[in-house]
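Data first, discussion second: the structure below is written as structure tokens.
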Amino acid sequence: METGLHVGKVVEITAASTKSFEDAIAVGIDRASKTLKNVQGAWVKEQKVIVRDGKIAQYRVDLMVTFLLEE
124 METGLHVGKV VEITAASTKS FEDAIAVGID RASKTLKNVQ GAWVKEQKVI
174 VRDGKIAQYR VDLMVTFLLE E
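Here the sequence shown is numbered in this note's numbering, starting from 124 and rising by one per residue.
Written as structure tokens, this is what we have:
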């Protein structure tokens with residue numbers, strides 16, 4: 124097989140934070156990197172908040188995480 128050619132896969136994950144959307148993204152990437160090898164990037168598919176008593180209680184993101192499959 125020719126070197127330099129790669130096959131990637133995309134998985135969808137959901138992550139949450141009580142701090143911010145940015146923190147929820149970081150939490151998701153950190154967790155995905157512990158399970159998946161060769162994580163290359165991600166995009167945010169959806170953002171949402173959970174509201175309790177009129178205040179934001181949690182920030183949630185749905186992430187599409189791309190990683191390379193091993194040869």
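From the three backbone atoms N, C-alpha and C, an ideal C-beta is built for every residue, glycine too.
> Taking the C-alpha atoms as reference points, what is the distance between residue 141 and residue 191?
Replying inline: 31 Å
> For residue 145, does the three-state DSSP call read helix, strand or coil?
Replying inline: helix
> Mapping DSSP to helix, strand and coil, what is residue 176?
Replying inline: coil
> According to DSSP, what are the bridge partners of residue 189?
Replying inline: 133, 164
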